Amino acid sequence: MFGANAVQTTKRMPKILIADDDPHIRNVIRFALARDGLAVVEAADGAAALDLIAREAPDLLILDVMMPEMDGTELCRRLRRTSEVPIIFLSSRDEEIDRVLGLELGADDYMTKPFSPRELVARVRAVLRRLARPAETPVAVLRRGLLSLDPQRFEARWGDRPITLTVTEFRLLQAMAAHPGRVFTRDALMAAAHDDHRIVSDRTVDSHVRHLRAKLAAAGANPIGTVHGLGYRFAEDG
Numbered sequence: 008m009f010g011a012n013a014v015q016t017t018k019r020m021p022k023i024l025i026a027d028d029d030p031h032i033r034n035v036i037r038f039a040l041a042r043d044g045l046a047v048v049e050a051a052d053g054a055a056a057l058d059l060i061a062r063e064a065p066d067l068l069i070l071d072v073m074m075p076e077m078d079g080t081e082l083c084r085r086l087r088r089t090s091e092v093p094i095i096f097l098s099s100r101d102e103e104i105d106r107v108l109g110l111e112l113g114a115d116d117y118m119t120k121p122f123s124p125r126e127l128v129a130r131v132r133a134v135l136r137r138l139a140r141p142a143e144t145p146v147a148v149l150r151r152g153l154l155s156l157d158p159q160r161f162e163a164r165w166g167d168r169p170i171t172l173t174v175t176e177f178r179l180l181q182a183m184a185a186h187p188g189r190v191f192t193r194d195a196l197m198a199a200a201h202d203d204h205r206i207v208s209d210r211t212v213d214s215h216v217r218h219l220r221a222k223l224a225a226a227g228a229n230p231i232g233t234v235h236g237l238g239y240r241f242a243e244d245g
């Protein structure tokens, strides 16, 4: 029994949306996520998922690439116009070009079928930790020339122009801007962007950096240089 002045609090479970037209795959994912203490909502196609996202405001999306009504890539493309909700793609297509395309559209991760439910849950948790970390560990706003990065609010600006970045893009830029002039190998960049020790190809890293550069260029910035044969670095003068 609780005392008269005791207050019972409950921590909100992160909510994950699964969008896949295969009910068996949805059941497998739902069971794995629920067992790990995550709330789940489901959709059988992209159009239904879009409606659910508006109503349920999930914390992360797991999207099948090939779905009826609206496929996962189109859904991601539409969402990225207004939202940076984390997205993990699932696909039966395992060609590197497909993974690169998914990441360039703004996805945070990409897994091929068949997949390990345990690994999927681990990747979901890794993305959620990256989102929660700024709120748990206060970090000062990072400023380099006209660039400012606010990890608390997850905001990036170049001068007075806001730059909308994915979780991975923000962390890549944050790592490089924190050490201007330092050359970051592709492995070092992925270690900075992810905390689950995953192995990704050089083309995947290059895809993230290319997407990041395009967003910076749209704001009138070009601070990331290529060091051929080694990696990338943030200009010392910003």
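Residue numbering for the sequence shown follows the numbering used here, starting at 8 and increasing by one per position. Glycine included, C-beta positions come from ideal geometry on N, C-alpha and C. Note that the coordinates shown come from a computational prediction; the quantities given were computed from them, not determined experimentally.
6 angstroms Cβ shell around residue i - same chain, five flanking residues per side excluded
i              : result
leucine 172    : Ala163
tryptophan 246 : In the structure as shown, the chain begins at 8 and stops at 245. Residue 246 is therefore absent and cannot be evaluated.
arginine 87    : Gly113
leucine 135    : Pro21
alanine 61     : none
Residue burial classification, residue i (beta-carbon count within 10 angstroms, cutoff 16)
i             : result
valine 72     : buried
arginine 84   : exposed
aspartate 167 : exposed
aspartate 101 : exposed
threonine 16  : Legend: pLDDT at threonine 16 = 39, less than 50; position of this residue unreliable, no value from coordinates given.
leucine 237   : exposed
threonine 89  : exposed
arginine 56   : Just to set this straight, residue 56 is alanine in the shown sequence, not arginine. Under this definition alanine 56 is a buried residue.
isoleucine 69 : buried
isoleucine 95 : buried
proline 30    : exposed
arginine 106  : buried
threonine 144 : Residue placement at threonine 144 is poorly supported in this model, since its pLDDT is 49, which falls under 50; the coordinates still yield a value, given next. Per the 10 Å Cβ criterion, exposed.
Among the options, the one whose alpha carbon lies nearest that of residue i
i             : options                           : result
arginine 37   : Pro124, Thr192, Val148 and Leu149 : Pro124
alanine 39    : Phe122, Leu138 and Arg137         : Phe122
arginine 137  : Glu176, Glu81, Gly53 and Ala195   : Glu176
threonine 3   : Ala224, Leu196, Leu223 and Ala221 : An answer regarding residue 3 cannot be provided, because it is not within the stretch 8 to 245 covered by the chain.
proline 93    : Leu67, Tyr117, Glu76 and Asp105   : Leu67
aspartate 194 : Ala185, Ala61 and Asp213          : Asp213
threonine 80  : Asp27, His186, Gly109 and Ala242  : Gly109
arginine 151  : Arg160, Glu243, Val107 and Gln159 : Glu243
alanine 129   : Arg42, Val107 and Ala54           : Arg42
alanine 185   : Ala61, Ile104, Asp78 and Val148   : Val148
tyrosine 117  : Ile104, Glu103, Val35 and Leu97   : Leu97
serine 33     : Pro158, Arg160, Val174 and Lys120 : The displayed chain sequence assigns arginine, not serine, to residue 33. Taking only the C-alpha atoms, the option nearest arginine 33 is Lys120.
Per DSSP, cross-strand counterpart(s) of residue i
i                 : result
valine 48         : Leu24
isoleucine 69     : Ile25 and Ile95
phenylalanine 241 : Ile231
Same chain, Cβ closer than 7 angstroms to residue i, five either side skipped, listed in chain order
i              : result
methionine 20  : Gly44, Leu45 and Ala46
alanine 199    : Arg178, Leu179 and Ala182
arginine 240   : Met183, Gly188, Arg189, Val190, Phe191, Gly232 and Val234
leucine 59     : Leu24, Val48 and Ala50
isoleucine 170 : Ala163, Arg164, Lys222, Leu223 and Ala226
proline 75     : Asp28 and Asp52
histidine 218  : Glu111 and Glu176
valine 174     : Pro93, Asp115, Val134, Arg137 and Leu138
Own chain partners of residue i with C-beta closer than 8 angstroms, once the 5 adjacent residues on each side are dropped
i           : result
alanine 139 : none
alanine 64  : Lys22
valine 216  : Leu179, Leu196, Ile231 and Tyr239
Chain C contact for residue i (CB, 8 angstroms cutoff)
i          : result
valine 216 : No chain C is part of this structure, which consists of one protein chain only.
3 or more residues per run - each beta strand (DSSP E) lying fully within the segment 110-196
116-119, 149-151, 154-157, 162-165 and 168-170
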